[in-house]
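In my numbering, each residue's number is its place in the sequence shown (first place is 1) plus 9.
Working notes for the structure below.
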Amino acid sequence: MSPWGIALIAAGSAVAGGLPVAWFTRPMRLKATAEAQPLASDILMMVSNAARDQEQREVRRPAYLEFLVRVDAALGMAGPTGASTLEERRAVSSALDVLVLVGPSDVVETAQHLAALAQRDHGHSSSEVEHARTAFLTSARSALGSSSDALARG
């Protein structure tokens, strides 16, 4: 017999021997695939949620910082005059509008209180302002999901 004939018989034997093995292991392969599929979808969901959460933090951080800058300017903390102009009050209102869009609701509530203090024409106690500012910072840090340096990285 020629070498080509021997090779052909060997290849045929390998295929003939592999077909029954593949056929009988098919149910086990299907079961393993079915079990792995929910796990893969759970992993994809977790990755997607993590990416969405990171994107939300990246949108929120600059909005929170801008709001603080505008409030400080309106309260006279950022400038030497200590007087709040109409333009500064409008800037606080615009920054608050952005916060309403990016949320979350607990941050918006504390921001509204701080904005109301910054937009007042008449006096407000420094302790009241400091308390409202601290409440806003606490809720913003909580929304960003990190410690006290979360706003500083923006």
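Ideal placement from N, C-alpha and C gives every residue a C-beta, glycine not left out.
Computed from a predicted model, the values in this text were never measured in an experiment.
Buried or exposed by the 16-neighbour rule on C-beta atoms within 10 Å, applied to residue i
| i | result |
| --- | --- |
| Ser11 | exposed |
| Glu139 | exposed |
| Leu84 | buried |
| Thr143 | exposed |
| Ser151 | exposed |
| Arg61 | exposed |
| Leu95 | exposed |
| Ala141 | buried |
C-alpha distance - residue i paired with residue j, whole-angstrom precision
| i | j | result |
| --- | --- | --- |
| Glu137 | Leu123 | 9 Å |
| Thr82 | Gln63 | For the record, residue 82 in the displayed sequence is Ala; it is not Thr. Rounded to whole angstroms, Ala82 to Gln63 spans 29 Å at the Cα level. |
| Ala2 | Ala59 | This structure cannot speak to residue 2, because the chain is shown only from 10 to 163. |
| Gly154 | Ala125 | 26 Å |
| Met55 | Ala19 | 49 Å |
| Asp115 | Leu108 | 11 Å |
| Arg70 | Ala149 | 8 Å |
| Pro7 | Ser135 | Shown here, the chain extends from 10 to 163; a query on residue 7 therefore has no answer. |
| Gln128 | Arg98 | 5 Å |
| Val117 | Leu53 | 31 Å |
| Ser57 | Gly26 | 44 Å |
Neighbourhood of residue i by C-beta, 6 Å cutoff - its chain only, sequence neighbours within 5 removed
| i | result |
| --- | --- |
| Arg79 | Ala100, Val101 and Ala104 |
| Trp13 | none |
| Ala16 | none |
Cβ shell of residue i (< 8 Å), same chain only, five flanking positions each side left out
| i | result |
| --- | --- |
| Gln121 | Leu105 |
| Gln65 | Val111 |
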